[in-house]
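Chemist: Last residue of the sequence shown: number 452 in my numbering, and the count goes up by one each step with no gaps.
Cβ coordinates follow ideal geometry from the N, Cα and C atoms, glycine included.
Can you keep this structure in mind? I'll have questions shortly.
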Amino acid sequence: MINLYHSFYHIDKNFYRLLDLISNFFTQKLNQSVSVKFVGDGASSVLENLKNDNYGSGFVSEYEAIYLEAFYEYIPLIKIGITNLNAFIIVRRYSNFRRIEDLKRKSIGIQTGREFYLYNPIISFFVKNCNVSEDTNKGYFPFMGYQLVTNLIDNYIDAAIILKNIYESLDEEVKKKVKILGEFSTFPGFVFVMNSKVDPDVYKKFTSDSQFIEELRKICYSYQLDLEEVTRTDRSLIIGAIEDHNITFKEFIENFENDIISFFSSESGWELKQLRDRVNNLTRFNEKLVELYKSLKESRDKLTDLLEIPFENIIIFSKDGKITGVSRYFLKNFKYSRRELMKKNIFGVLISDGSLKMEKIINEVDYGLVHSCKAQLKCRDNTFVPVKINFNVIEMDEKKLIIGIVNKM
């Protein structure tokens with residue numbers, strides 16, 4: 044009998060479908076009955092059960108899957124993760140940097156908030172060993188990624204960590220100026236593993252059934268998650284980053300909470316108790332983690348989709364005038380490059396048509412008193428175009444962001 048362990052406290056009908064689908068597959072393809080077991084207390088309880096079970100299977104974190112494969116003969120079968128939260132480590136193309144170790148004592152910009160610092164050993168490597176750019180937390184996710192690329196090309200920083208989808212949206216000319224040192228998951232995914240003693244060929248059987256895989260994919264999509272292939276591309280990055288803290292990968296997994304605390308206690312002024320509480324929350328493998336995935340994906344997708352709307356001139360900026368995002372249609376219409384416009388201040392691009400200065404108008408937009416205005420938009424060639432701007436205010440990362448939709452008059 045195969046034991047299938049999970050640690051979800053409250054599971055819905057979709058997760059029941061997932062368990063039933065996997066159980067039925069094992070029954071039909073491996074001729075094995077399945078016992079589904081809830082063990083509670085987060086993914087670490089699943090890990091402890093799997094270590095002592097020759098017929099075990101279950102959901103663990105991405106890092107724990109590497110550990111189980113290396114030391115307990117488990118086979119990773121599928122990975123479930125949030126779409127487009129993989130990140131690239133990039134440097135200037137003709138620099139001498141070849142490995143992350145080459146970046147020690149260098150400057151770097153990171154396109155993530157502190158939540159990612161807490162449990163990602165690769166990011167913690169850079170926090171410990173590099174001079175993290177002070178601008179890192181001043182931008183707005185995801186638009187700050189473009190600014191980091193600009194800073195890298197202009198020699199203000201030596202390296203940058205940006206999300207994969209930001210890199211893929213860069214102009215080809217920009218890509219030619221940088222190179223990728225590595226790719227990794229900013230948010231560790233879930234991996235379903237099985238002990239190889241059940242069936243050494245289980246991976247081939249599991250992944251070659253296209254109808255079964257498609258059903259799994261549909262269930263993951265209902266949680267706004269992606270079903271991914273299990274790869275080894277970022278393992279050397281993960282293991283190297285962990286061992287830089289003078290512990291082995293095996294020790295890191297077996298004593299996760301204490302190790303992750305030690306990563307930061309000597310590098311940060313945060314209260315240790317507060318940090319411990321946050322780590323405990325982040326390491327629980329339950330429905331709260333799924334909701335966080337969903338929230339991150341929804342906010343990112345809404346803003347990304349907004350900038351991809353055809354035939355809309357959209358520009359996004361903060362109350363102080365810093366431009367943080369712009370649609371391709373805006374760039375095309377007003378003859379700007381993204382890199383050029385992102386260096387400007389909105390008050391140098393939009394000039395008020397009336398007696399009130401644009402700074403005053405934006406201040407009233409921030410308070411909800413103004414929703415549109417007429418202005419002169421300064422184009423790249425220094426000509427002016429009369430426009431009407433409709434404003435919307437949203438909040439992101441506890442900061443306000445102003446979205447301007449620009450229409451020629």
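By DSSP, does F377 sit in helix, in strand, or in coil?
Modeler: Start at 1 with the first residue of the sequence shown, and residue 377 comes out as number 334. F377: helix per DSSP, three-state reduction.
Chemist: If you follow the alpha helix (DSSP H) that D269 is in, where does it begin and where does it stop?
Modeler: Along the sequence shown, read from residue 1 onward, the residue named residue 269 stands at position 226. Here D269 belongs to no alpha helix (DSSP H); instead the beta strand (DSSP E) covers D269 to E271.
Chemist: Between the C-alpha atoms of N74 and E258, what's the straight-line distance to the nearest angstrom?
Modeler: As a first step, residue 74 must be located in the sequence shown, where it is residue number 31. As a first step, residue 258 must be located in the sequence shown, where it is residue number 215. If you take the alpha carbons of N74 and E258, they lie about 20 Å apart.
Chemist: Can you grab the Cα-Cα spacing for the pair D55 / I196, in whole Å?
Modeler: Working through the sequence shown from its first residue, we reach residue 55 at position 12. Working through the sequence shown from its first residue, we reach residue 196 at position 153. C-alpha separation (whole angstroms): 47 Å.
Chemist: Under the assumption that V234 contacts K72 (Cβ atoms under 8 Å), give the Cβ distance between them as a whole number of angstroms.
Modeler: Counting from one through the sequence shown, the residue named residue 234 turns up at place 191. Counting from one through the sequence shown, the residue named residue 72 turns up at place 29. 20 Å between Cβ atoms; not a contact.
Chemist: Which runs of the beta strand (DSSP E) fall wholly inside the region 195-264 and span at least 3 residues, in chain order?
Modeler: 202-206, 221-228 and 233-238
Chemist: Using alpha carbons as the reference points, say which of R141, V241 and K403 lies closest to F69.
Modeler: One-based indexing of the sequence shown puts residue 69 at position 26. F69 has its Cα closest to that of V241, out of R141, V241 and K403.
Chemist: Can you check which of these residues, K443, I366 and Y137, is closest to G411 by C-alpha distance?
Modeler: For the purposes of this step, residue 411 is taken as the residue at position 368 of the sequence shown. Answer by Cα proximity: K443.
Chemist: Does the count of Cβ pairs from the region 218-238 and the region 100-109 closer than 8 Å reach three?
Modeler: Flag = yes, the region 218-238 and the region 100-109 touch.
Chemist: Can you give me the Cβ contacts of I262 inside the same chain, cut-off strictly under 6 Å, excluding the 5 residues immediately before and after it?
Modeler: As a first step, residue 262 must be located in the sequence shown, where it is residue number 219. The residues are N57, R60 and L61.
Chemist: Out of curiosity, what's the CA-to-CA distance linking K451 and K378?
Modeler: Mapped onto the sequence shown, residue 451 falls at position 408. Mapped onto the sequence shown, residue 378 falls at position 335. A straight-line Cα-Cα distance of about 14 Å links K451 and K378.
Chemist: Would N172 pass as a contact of R148 if the rule is Cβ separation under 8 Å?
Modeler: Residue 172 sits at position 129 when you count from the first residue of the sequence shown. Residue 148 sits at position 105 when you count from the first residue of the sequence shown. For N172 and R148, yes; Cβs fall inside 8 Å.
Chemist: Verify whether the separation of the beta carbon atoms of L206 and I143 is less than 8 Å.
Modeler: The residue you call residue 206 lines up with position 163 of the sequence shown. The residue you call residue 143 lines up with position 100 of the sequence shown. Taking the C-beta atoms as reference points, I143 is found no nearer than 8 Å to L206.
Chemist: Tell me, please, whether the region 243-251 touches the region 412-431 by the rule of three or more beta-carbon pairs shorter than 8 Å.
Modeler: no
Chemist: Return the CA-CA distance between Y210 and K218, expressed in angstroms with no decimal places.
Modeler: Start at 1 with the first residue of the sequence shown, and residue 210 comes out as number 167. Start at 1 with the first residue of the sequence shown, and residue 218 comes out as number 175. Rounded to whole angstroms, Y210 to K218 spans 8 Å at the Cα level.
Chemist: Secondary structure at K403, three-state DSSP: helix, strand or coil?
Modeler: Taking the sequence shown and counting its residues from 1, the one referred to as residue 403 is at position 360. In this structure, K403 counts as helix in the three-state DSSP scheme.
Chemist: On the premise that I151 lies in contact with F140, defined as a C-beta separation below 8 Å, what is that separation, rounded to the nearest angstrom?
Modeler: Indexing the sequence shown from 1 puts residue 140 at position 97. Indexing the sequence shown from 1 puts residue 151 at position 108. About 11 Å separates the two Cβ atoms, so there is no contact after all.
Chemist: So for G391, helix, strand or coil by DSSP?
Modeler: Stepping through the sequence shown from its first residue, residue 391 is reached at position 348. Helix.
Chemist: What does DSSP give as the partner residues of S100 in its beta bridges?
Modeler: Here residue 100 is taken as the residue at index 57 of the sequence shown, counted from 1. According to DSSP, which records beta bridges pairwise, S100 is partnered with L47 and M237.
Chemist: Check whether the Cβ atoms of F434 and G447 sit closer than 8 Å, and answer yes or no.
Modeler: Along the sequence shown, one-based indexing puts residue 434 at 391. Along the sequence shown, one-based indexing puts residue 447 at 404. In contact: F434 and G447 (Cβ atoms closer than 8 Å).
Chemist: Rounded to the nearest angstrom, what separates S239 and A108 at their Cα positions?
Modeler: Start at 1 with the first residue of the sequence shown, and residue 239 comes out as number 196. Start at 1 with the first residue of the sequence shown, and residue 108 comes out as number 65. Spanning the two alpha carbons is a distance of roughly 13 Å.
Chemist: Give the list of continuous beta strand (DSSP E) stretches no shorter than 3 residues that lie fully inside the region 103-137.
Modeler: As far as the region 103-137 is concerned, its whole beta strand (DSSP E) runs of at least 3 residues are 117-124 and 129-135.
Chemist: What is the DSSP secondary structure of N425, reduced to helix, strand or coil?
Modeler: What you label residue 425 is simply residue 382 of the sequence shown in a count that begins at 1. In this structure, N425 counts as coil in the three-state DSSP scheme.
Chemist: Identify the residues that DSSP records as bridge partners of N57: which are they?
Modeler: Here residue 57 refers to the residue found at position 14 of the sequence shown. Answer is none; N57 lacks a bridge partner.
Chemist: Give the secondary structure of I65 by DSSP, where H, G and I count as helix, E and B as strand, and everything else as coil.
Modeler: Your numbering for residue 65 matches position 22 in the sequence shown. Reduced to three states, the DSSP call for I65 is helix.
Chemist: Grab me the residues of S66's own chain with a C-beta within less than 8 Å of its C-beta, minus the 5 sequence neighbours each way, in chain order.
Modeler: On the sequence shown, residue 66 is found 23 positions in, with the first residue counted as 1. Only L47, V77 and V79 meet the Cβ criterion.
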